[in-house]
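Numbering (our numbering), first residue to last: 96 to 477. Cβ atoms here follow ideal geometry from the backbone N, Cα and C, with glycine treated the same way. As the structure is a computational prediction, the values presented were derived from the model and not from experiment. Take a look at the structure below.
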Ligand SMILES: Cc1cc2nc3c(=O)[nH]c(=O)nc-3n(C[C@H](O)[C@H](O)[C@H](O)COP(=O)(O)OP(=O)(O)OC[C@H]3O[C@@H](n4cnc5c(N)ncnc54)[C@H](O)[C@@H]3O)c2cc1C
């Protein structure tokens, strides 16, 4: 249908999902990935209803469902274990909210494309844009010419830095540890976050009795003390929190800890740049407080595919994509930042006020936000 050549920078969630969306409409693409191998890495991921609806459009819903777990509700507790709020996922959609190990999601996405279309160990260091092509220049000295580029190279995108040199990730003020642990002895079935003065602790059950947990603690950026934290330090920090938090930390091994400072990108007013379009974290990295970064990357892929079907001129399709995606992704980034500020309060008086206020808010407010998330930017065809 279309003889144009498309490169994708980055074989993460956004890049792989975009390649599937293109393949579904008969367009081949080549993914250039910096890592030496496509390894199954990472911890857990929450997938909102919008991501599950997007997987249905991409034709991989059944494989995703086999690899993860449906969630019933999300509860926020104080550090003693007293409920602050509870949102039921059942009332909004039969598809439901979901969790999956990031490595399994990667596997399913990879299985949706031709393996020969992924070139690993290809870190892009620069691009050259001319009137009729785009040239990718790799760190290994080689180059690749294509008609168009979908930039999906994550929050520190080299392509975005070239196109928008003044934009860089902004630190949110808290640092985060994550791990996946086998917790069958604890029988954990519900998703929760616990908001306390020593930090926030999240628990997300995955398939096969494993549990994904995360802990967010206020700190300065690149704090050398935090970067040396081991599970013992985290245990000491959270040992007075309600069960099963100390127990989960006791079951976690240091080798399984993943640590990152949490950052996002101030919402951009542009994703399309002629022959190039930014998607995923390269375009709209958000803090993880709504569990929506990957979900939005998957939505991007579906919307991009639909824009190309509606408008076979790629530059016009990229522009259309931008018009359809700017508002919603800005809403996610801004709302997620605000939730993070509220969740990370440390002052006991402010914490008491927050908790009392949140307990007085009806559960319909959380359910309204879920409905908003289900109101995707793509057209539903199934
Ligand atoms: C603590 C934490 C928890 C999270 N929890 C959730 C959650 O529950 N739900 C959710 O939806 N989202 C969550 N997210 C967000 C989610 O991880 C990201 O939004 C998602 O990974 C973005 O996918 P991406 O493909 O855009 O970027 P990435 O996953 O970062 O992929 C980018 C890819 O590009 C490659 N690359 C980078 N530079 C180059 C280059 N120069 N040349 C070639 N390749 C390159 C990288 O190696 C990588 O493979 C969380 C994030 C964090 C930090």
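Reducing DSSP to helix, strand and coil, say where residue 171 ends up. If DSSP states are grouped into helix, strand and coil, residue 171 belongs with the strands.
In this structure, does DSSP put residue 107 in helix, strand or coil? In the three-state reduction of the DSSP assignment, residue 107 falls in the coil class, being assigned neither a helical nor a strand state.
Pull up the distance between the alpha-carbon of residue 96 and that of residue 121, whole angstroms please. The pLDDT assigned to residue 96 is 46, lower than 50, so where the model puts this residue is not dependable; a value taken from the coordinates is nonetheless given after this. So the alpha carbons of these two residues sit roughly 7 Å apart.
If you follow the alpha helix (DSSP H) that residue 464 is part of, which residue opens it and which one closes it? Element bounds for residue 464: 459-469.
Rounded to the nearest angstrom, what separates residue 365 and residue 417 at their Cα positions? 7 Å
Can you find the residues in the same chain that come closer than 7 Å, C-beta to C-beta, to residue 410, ignoring five residues on each side of it along the sequence? For residue 410, the CB contacts under 7 Å within the same chain, skipping 5 residues up- and downstream, are 369 and 370 in chain order.
Delimiting residues of the beta strand (DSSP E) encompassing residue 243: Counting along the chain, the beta strand (DSSP E) containing residue 243 begins and ends at 243-246.
I'd like to know whether the C-beta atoms of residue 153 and residue 116 end up nearer to each other than 8 Å. yes
Could you check what DSSP says for residue 224 in three-state terms: helix, strand or coil? strand
Only counting runs of 4 or more residues, tell me where the alpha helix (DSSP H) segments fall wholly within the region 280-322, in order along the chain. 319-322
If you draw a straight line from the alpha carbon of residue 186 to that of residue 462, how long is it in whole angstroms? For residue 186, the pLDDT reaches just 49, beneath the cut-off of 50, and the residue's location in the model is therefore unreliable, leaving the point undetermined.
Answer yes or no: do residue 144 and residue 195 have a C-beta to C-beta separation smaller than 8 Å? In this structure, residue 195 does not lie closer than 8 Å to residue 144 by Cβ.
Consult DSSP for residue 256 and reduce its assignment to one of helix, strand or coil. When DSSP states are grouped into helix, strand and coil, residue 256 belongs to the helix group.
Counting pairs of Cβ atoms below 8 Å between the region 390-398 and the region 258-267, do you hit three or more? no
Are the Cβ atoms of residue 237 and residue 230 separated by less than 8 Å? no
My understanding is that residue 349 touches residue 326, with C-beta atoms under 8 Å, so please give their C-beta distance in whole angstroms. 5 Å
For residue 329, collect the residues of the same chain with a Cβ closer than 7 Å to its Cβ; drop the 5 residues on either side in sequence, then sort them by chain order. 272, 310 and 344
Just the C-alpha distance for residue 356 and residue 383, rounded to the nearest angstrom, thanks. 11 Å
Please name the residue in 129, 125, 142 and 372 whose C-alpha comes closest to that of residue 234. 129
Closer than 8 Å by C-beta to residue 516: which residues in its own chain qualify, once you throw out the five before and the five after it? Chain order, please. Look at the range of the chain in this structure, 96 to 477, and you will see that residue 516 is not part of it.
Can you list, in chain order, the residues of its chain with a C-beta nearer than 7 Å to that of residue 314? Leave out the 5 residues immediately preceding and following it. 269, 270 and 321
Is residue 104 near ligand 1, in the sense that its beta carbon is under 7 Å from a heavy atom of that ligand? Residue 104: yes, Cβ under 7 Å from ligand 1.
For residue 372, does the three-state DSSP call read helix, strand or coil? Three-state result, residue 372: strand.
What does a CB cutoff of less than 8 Å around residue 133 pick up in its chain, not counting 5 residues either side in sequence? Around residue 133: 106, 201, 205, 213 and 215.
Alpha helix (DSSP H) runs wholly inside the region 119-153, at least 4 long, in chain order: 144-153
Would you give the residue range spanned by the alpha helix (DSSP H) that residue 270 belongs to? Element bounds for residue 270: not the alpha helix (DSSP H) but the beta strand (DSSP E), 265-277.
For residue 346 versus residue 278, is the C-beta spacing smaller than 8 Å? yes
Reference residue 123, options 209, 199 and 173, closest by Cα: 209
Residue 413, enclosing alpha helix (DSSP H) - first and last residue: 409-438
Expected contact under 8 Å - CB spacing of residue 175 and residue 337 to nearest Å: 6 Å
For residue 108 and chain D, any beta-carbon pair shorter than 8 Å? In the structure shown, chain D does not exist; there is a single protein chain.
If the criterion is Cβ atoms closer than 8 Å, does the pair residue 377 and residue 248 meet it? yes
Between 217, 192, 103 and 173, which has its C-alpha nearest residue 131's C-alpha? 217
Could you tell me whether any non-hydrogen atom of ligand 1 is closer than 7 Å to the CB of residue 180? no
Please return the same chain residues whose Cβ sits closer than 6 Å to the Cβ of residue 240, not counting the five positions on each side in sequence. 228 and 230, listed in sequence order.
Using DSSP bridges, identify the partner residues of residue 178. 172
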